[in-house]
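Written below as structure tokens is the structure these notes are about.
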Amino acid sequence: KAGVTQTPRYLIKTRGQQVTLSCSPISGHRSVSWYQQTPGQGLQFLFEYFSETQRNKGNFPGRFSGRQFSNSRSEMNVSTLELGDSALYLCASSSQGANEKLFFGSGTQLSVL
Amino acid sequence: GENVEQHPSTLSVQEGDSAVIKCTYSDSASNYFPWYKQELGKGPQLIIDIRSNVGEKKDQRIAVTLNKTAKHFSLHITETQPEDSAVYFCAASIGMNGNKLVFGAGTILRVKS
Numbered sequence: 015k016a017g018v019t020q021t022p023r024y025l026i027k028t029r030g031q032q033v034t035l036s037c038s039p040i041s042g043h044r045s046v047s048w049y050q051q052t053p054g055q056g057l058q059f060l061f062e063y064f065s066e067t068q069r070n071k072g073n074f075p076g077r078f079s080g081r082q083f084s085n086s087r088s089e090m091n092v093s094t095l096e097l098g099d100s101a102l103y104l105c106a107s108s109s110q111g112a113n114e115k116l117f118f119g120s121g122t123q124l125s126v127l
Numbered sequence: 002g003e004n005v006e007q008h009p010s011t012l013s014v015q016e017g018d019s020a021v022i023k024c025t026y027s028d029s030a031s032n033y034f035p036w037y038k039q040e041l042g043k044g045p046q047l048i049i050d051i052r053s054n055v056g057e058k059k060d061q062r063i064a065v066t067l068n069k070t071a072k073h074f075s076l077h078i079t080e081t082q083p084e085d086s087a088v089y090f091c092a093a094s095i096g097m098n099g100n101k102l103v104f105g106a107g108t109i110l111r112v113k114s
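As you go down the protein sequences, you meet chains A and B in turn. Be aware that the first sequence starts at 15, since it is given in my numbering, and climbs by one per residue. Be aware that the second sequence starts at 2, since it is given in my numbering, and climbs by one per residue.
Here it is, written out as structure tokens:
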């Protein structure tokens, strides 16, 4: 069974631009979560989507948004990029229950110049 | 807010020795505690997890213990090998709806051969 797939693997953007990251969950998984990983703040929860609806949300500004499609694939968008948005963005998928095992992809490394 | 403290931040052991990483969580409602291993350039990999109705769980050389009263949980790796060298993260579930984790800051484990 294929794992969680994230694209692109690397991205370089400049301040003020916007970016869209993509995540394909493990087949059969309906929950997709997004995390931001930085050396200073560690792993921080952004949001979770289940059945095309946002089920949980972390403490990030409104510039960070996401969505989920009917095939469970998910995208996250960051608008008006800031230097501090440089991070590894990780997507994780899980089955439909609560507090289920999370399986992570390899992430998208975003650099904002 | 919800918080997970993880110690030590770095740990060096000789090959064949045991390694122990400890975490403390703040939310008494947390009921799911996974451990992840992250290697350079990869996403976190789930290595073992435990739920609040269990005090200990073992999988070959890896074991996790949970003390709900003290809000402590620990990862034990026996007979360490060079390939165990990585960053290890503990996490605790937040809330009862969906899959939301708060992570510890991570432990860099170095196994010297």
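Quick reminder that beta carbons are idealized off the backbone N, C-alpha and C, glycines included.
Return the CA-CA distance between residue i and residue j, expressed in angstroms with no decimal places.
i	j	result
Gln50(A)	Ser36(A)	14 Å
Gly119(A)	Phe59(A)	15 Å
Thr11(B)	Ser84(A)	43 Å
Thr25(B)	Asp60(B)	22 Å
Thr28(A)	Val126(A)	5 Å
Ile63(B)	Gly17(A)	23 Å
Gly30(A)	Thr94(A)	4 Å
Pro75(A)	Pro35(B)	27 Å
Lys72(B)	Ser109(A)	27 Å
Pro22(A)	Gly98(A)	19 Å
Ser107(A)	Thr81(B)	29 Å
Phe8(A)	Leu57(A)	Because chain A here runs from 15 to 127, residue 8(A) falls outside it and cannot be looked at.
Gly56(B)	Thr70(B)	11 Å
Thr34(A)	Gln15(B)	44 Å
Ile48(B)	Trp48(A)	19 Å
Glu3(B)	Asn70(A)	15 Å
Leu25(A)	Arg44(A)	26 Å
Ser38(A)	Asp85(B)	28 Å
Asp18(B)	Arg111(B)	11 Å
Ile40(A)	Ser88(A)	12 Å
Leu102(A)	Leu41(B)	12 Å
Pro9(B)	Glu96(A)	32 Å
Gln82(A)	Gln123(A)	21 Å
When the distance is taken between beta carbons, is residue j closer than 8 Å to residue i?
i	j	result
Tyr33(B)	Asn113(A)	yes
Gly105(B)	Ala87(B)	no
Gly44(B)	Leu116(A)	no
Gln39(B)	Thr108(B)	no
Asn91(A)	Ser79(A)	yes
Ser31(B)	Ser75(B)	no
Ile78(B)	Leu67(B)	no
Gly99(B)	Glu62(A)	yes
Gly121(A)	Gln20(A)	yes
Lys113(B)	Ser13(B)	yes
Val103(B)	Val5(B)	yes
Please list, in chain order, the chain A residues whose beta carbon lies closer than 8 Å to that of residue i.
i	result
Leu67(B)	Those do not exist, as Leu67(B) stays about 14 Å from chain A at its closest Cβ, beyond 8 Å.
Just to make sure I have the definition right: I need the residues of chain B whose C-beta is within less than 7 Å of the C-beta of residue i. Which are they?
i	result
Leu97(A)	Chain B residues near Leu97(A): none, gap ~22 Å exceeds 7 Å.
Leu57(A)	Phe90, Phe104
Residues of chain B with a CB under 8 Å from the CB of residue i: which are they?
i	result
Lys115(A)	Pro35, Leu47, Asp50
Leu104(A)	Gly44, Pro45
Gly119(A)	Gly44
Ser108(A)	Asn100
Which residues does DSSP list as the beta-bridge partners of residue i?
i	result
Lys71(A)	Phe61(A)
Phe117(A)	Ser107(A)
Lys23(B)	His8(B), Ser75(B)
Thr122(A)	Tyr103(A)
Gly68(B)	Reading off the sequence shown, one finds Asn at residue 68(B), where the question assumed Gly. DSSP output for Asn68(B) lists His73(B) as bridge partner(s).
Thr81(A)	At residue 81(A) the sequence reads Arg, which differs from the Thr that was named. Partner(s): Glu89(A).
Thr56(A)	This sequence places Gly at residue 56(A); Thr is not what is there. DSSP lists Thr52(A) as partners of Gly56(A).
Arg111(B)	Ser13(B)
For a contact defined as C-beta to C-beta under 9 Å, what are the partners of residue i on chain B?
i	result
Glu62(A)	Gly99, Asn100, Lys101
Ser84(A)	In chain order: nothing, as chain B lies at least about 19 Å away.
Ser45(A)	Gly99, Asn100
Asn70(A)	Ile95, Gly96, Asn98, Gly99, Asn100, Lys101
Interface residues of chain A around residue i at Cβ under 9 Å?
i	result
Gly107(B)	Gly56, Leu57
Whose Cβ in chain A lies nearer than 7 Å to the Cβ of residue i?
i	result
Asn32(B)	Asn113
Quick one, which residues of the stretch 75 to 94 of chain B are near chain D if we go by CB-CB under 9 Å, in chain order? You won't find chain D in this structure, because its protein chains are A and B.
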